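When the sequence shown is numbered by the working numbering, its final residue is 671 and no position is left out of the sequence of numbers.
By construction, the Cβ of each residue, glycine as well, lies at the ideal position given by its N, Cα and C atoms.
Because the structure is a prediction, the values reported are computed rather than measured.
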Amino acid sequence: MAASGGELLGLTADELAALMVDWGEKPYHGRQLYGALYRRRQLDPGSMTELSKSLRRKLESCVISLPRLQRRQRAADGTEKYLLELTDGEKVECVLIPERKRNTLCISTQAGCPLDCRFCLTAMLGFRRNLDPAEILGQVLYVLADKNLAIGSVGIGSRPALTNLVLMGMGEPLLNLENVLKSLIIMTDPEGLALSPRRITLSTVGLVPQIRRLAQAPVVPNLAVSLSATTDEVRDRLMPINRRYPIDTLLQACAEFPLKRNQRLTFEYVLMDGINDSDQDARRLVKLLAQLRSKVNLLPLNPGNANGLRPSSPRRVNRFREILTGKGLPAYVRRPRGMDIYAACGQLHLAAGHHSRATRTSRLDTNR
Ligand code: SF4
Numbered sequence: 304m305a306a307s308g309g310e311l312l313g314l315t316a317d318e319l320a321a322l323m324v325d326w327g328e329k330p331y332h333g334r335q336l337y338g339a340l341y342r343r344r345q346l347d348p349g350s351m352t353e354l355s356k357s358l359r360r361k362l363e364s365c366v367i368s369l370p371r372l373q374r375r376q377r378a379a380d381g382t383e384k385y386l387l388e389l390t391d392g393e394k395v396e397c398v399l400i401p402e403r404k405r406n407t408l409c410i411s412t413q414a415g416c417p418l419d420c421r422f423c424l425t426a427m428l429g430f431r432r433n434l435d436p437a438e439i440l441g442q443v444l445y446v447l448a449d450k451n452l453a454i455g456s457v458g459i460g461s462r463p464a465l466t467n468l469v470l471m472g473m474g475e476p477l478l479n480l481e482n483v484l485k486s487l488i489i490m491t492d493p494e495g496l497a498l499s500p501r502r503i504t505l506s507t508v509g510l511v512p513q514i515r516r517l518a519q520a521p522v523v524p525n526l527a528v529s530l531s532a533t534t535d536e537v538r539d540r541l542m543p544i545n546r547r548y549p550i551d552t553l554l555q556a557c558a559e560f561p562l563k564r565n566q567r568l569t570f571e572y573v574l575m576d577g578i579n580d581s582d583q584d585a586r587r588l589v590k591l592l593a594q595l596r597s598k599v600n601l602l603p604l605n606p607g608n609a610n611g612l613r614p615s616s617p618r619r620v621n622r623f624r625e626i627l628t629g630k631g632l633p634a635y636v637r638r639p640r641g642m643d644i645y646a647a648c649g650q651l652h653l654a655a656g657h658h659s660r661a662t663r664t665s666r667l668d669t670n671r
């Protein structure tokens, strides 16, 4: 918890109340401070005029640190990618995806990623470190301020709203579970950022013990599982985590995940030419998911991904989708967003890159 001079961002309402008590103030000032930070998004203690002058002065000895913008790129389709620098110089990316009726922000939970999914450029970075709650929330606060966005299902007056949040940027959120859960509490608290948990989706490669812990968490977001194969043999090669949590074990944990009425699990399936896109794969996928209330997002592999992997042809993608939907499994082909600025799924790394593409290529070659 922040003492004098510490970071205030990322503290829960209870932690801020405890801080006030430590400072000899009334606990309700903690809730006032919490409202100022997240409801009104006042990040300068001087502007928190509902607090006493003496308390504002004390707060000036604390830090409220947003990430610093290094670069912002705008794609032809309006998608914007932010390269943000954290206080220790690490860099992460987040992506704002505008659509007709919604604006979705995709945020990162780790700098780099320790997992090694072969179709993902972030894997090239290797693992740098986990982001703390201030850094996870900082991405949201930065973009909200930059775009003057409201939060909720609709905008306010001429201000559009941030309607959806996805934890699908750099890193595996479930490897940073404590910090992610704390951030989710603040994001969804009506006195905090007040985003509905139904509008937040966490995407995982399928860490089974952590999926079970998430299922018991105070805030349970929508769960998206990156599956991308229908046999352990192929998934072992594409996503090494499968060797620890094979498909059956993973789907068992998914079957136990709590779902509200009308809620479905999402399975993401990156389609790669000749690897996982056959009719047989589609039929196997239907069988695997038969007992789950789920839908499938089909994502043709985006360009720039690891060597030797090619996107499935549009015809193959359609055929794959038809087999799924023909058997009653809802399936959608996801249009890649921000591809020209490397902002689409599995592409986050280049602007923040610490490693060259050649590094990745040679590492893959040795894995074959
Ligand atoms: S797909 Fe996700 S978990 Fe896999 S390497 Fe990329 S960022 Fe990490």
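With respect to 7 Å, is the separation between the Cβ of cysteine 420 and the closest non-hydrogen atom of ligand 1 below this value?
For cysteine 420, the shortest C-beta to heavy atom distance toward ligand 1 is below 7 Å.
Would you mind giving the Cβ-Cβ distance between tyrosine 572 and asparagine 600, rounded to the nearest angstrom? I have them listed as a contact below 8 Å.
Taking 8 Å as the upper bound for CB-CB distance, tyrosine 572 and asparagine 600 are in contact here, some 7 Å apart.
Within 10 angstroms of its Cβ, does glycine 629 collect 16 or more other Cβ (buried), or is it exposed?
Counting every other CB atom within 10 Å of its CB across the protein chains shown gives glycine 629 a total below 16, marking it as exposed.
In chain order, which beta strand (DSSP E) runs of at least 3 residues are fully inside the segment 409-472?
Counting only runs of 3+ residues, the beta strand (DSSP E) found wholly inside the segment 409-472 occupies 413-415, 430-433, 467-470, in chain order.
Where does serine 506 sit, in a helix, a strand or coil, going by DSSP?
Strand.
I need the straight-line Cα distance from arginine 516 to lysine 356, nearest angstrom please.
When the Cα atoms are used, arginine 516 and lysine 356 turn out to be separated by approximately 43 Å.
Whole beta strand (DSSP E) runs in the segment 332-401 with 3 or more residues, listed along the chain?
The segment 332-401 is shown to contain whole beta strand (DSSP E) runs of 3 or more residues at 371-377, 383-388, 394-401, in chain order.
Are proline 603 and valine 620 closer than 8 Å when you measure CB to CB?
Going by C-beta atoms, proline 603 is nearer than 8 Å to valine 620.
Under 8 Å, do leucine 319 and tyrosine 331 count as touching if we go by C-beta distance?
Contact flag unset, no.
Output needed for isoleucine 514: all residues of its chain with C-beta closer than 6 Å, excluding positions within five of it in sequence on either side, in chain order.
Same-chain partners within the cutoff: Ala556.
4-residue-minimum alpha helix (DSSP H) runs that sit fully inside the segment 476-523, ordered along the chain
Whole alpha helix (DSSP H) segments, 4+ residues: 480-491, 511-518.
Could you give the residue range of the beta strand (DSSP E) that holds proline 617?
Unbroken run through proline 617 is the alpha helix (DSSP H), 617-629; no beta strand (DSSP E).
Output yes or no for whether 8 Å exceeds the beta carbon distance between leucine 389 and valine 395.
Against a cut-off of 8 Å, the Cβ pair of valine 395 and leucine 389 comes out as a contact.
Answer yes or no: do asparagine 433 and asparagine 482 have a C-beta to C-beta separation smaller than 8 Å?
Yes, these two residues count as a Cβ contact at 8 Å.
Limits of the unbroken alpha helix (DSSP H) element including threonine 533:
Here threonine 533 belongs to no alpha helix (DSSP H), and DSSP marks it neither H nor E.
On the three-state DSSP scale, how would you describe lysine 590?
Helix at lysine 590.
In angstroms, rounded to a whole number, what distance separates the CA positions of methionine 471 and alanine 414?
C-alpha separation (whole angstroms): 13 Å.
Inter-residue spacing [alpha-carbon to alpha-carbon] between serine 499 and isoleucine 488:
Computed Cα separation, rounded: 11 Å.
Can valine 511 be considered in contact with ligand 1, in the sense that its beta carbon sits closer than 7 Å to one or more heavy atoms?
Every heavy atom of ligand 1 is 7 Å or more from the Cβ of valine 511, so no.
In chain order, what residues of the same chain have a beta carbon less than 6 Å from the beta carbon of alanine 379, not counting five sequence neighbours either side?
Counting only Cβ-Cβ distances below 6 Å, and skipping sequence neighbours, we find Asp643.
Presumed contact (8 Å Cβ cut-off) between leucine 452 and proline 463, rounded CB distance:
A Cβ-Cβ distance of about 6 Å is found for the pair leucine 452 and proline 463, placing them in contact under the 8 Å criterion.
Cα-Cα separation between leucine 387 and glutamine 583, rounded to whole angstroms
Those two C-alpha atoms are separated by around 43 Å.
Taking 6 Å as the limit between beta carbons, can you name the residues of its chain near glycine 455, skipping five residues before and five after?
Excluding the 5 residues flanking it on each side, glycine 455 has same chain C-beta neighbours closer than 6 Å at Ala464, in chain order.
Below 7 Å, is the gap between the Cβ of alanine 426 and the nearest heavy atom of ligand 1?
Alanine 426 Cβ: within cutoff of ligand 1.
Per DSSP, proline 614 is paired with what?
When DSSP reads this structure, proline 614 sits in a beta bridge with Met575.
Reduced DSSP secondary structure (H/G/I, E/B, other) of glutamate 310:
Strand.
Are there any heavy atoms of ligand 1 lying less than 7 Å away from the beta-carbon of glutamate 536, as far as the coordinates show?
Relative to ligand 1, even the nearest heavy atom lies 7 Å or more away from the CB of glutamate 536.
For the candidate residues Leu588, Leu346, Met323, Cys423, whose alpha-carbon lies nearest to that of lysine 361?
Here the closest residue by C-alpha is Met323.
Report whether the distance from the Cβ of methionine 642 to the nearest heavy atom of ligand 1 is below 7 Å.
Methionine 642 Cβ: outside cutoff for every heavy atom of ligand 1.
Cutting at 7 Å between CB atoms, please list the residues of its own chain near aspartate 317, excluding the five before and the five after it.
Result list for aspartate 317: empty, nothing under 7 Å.
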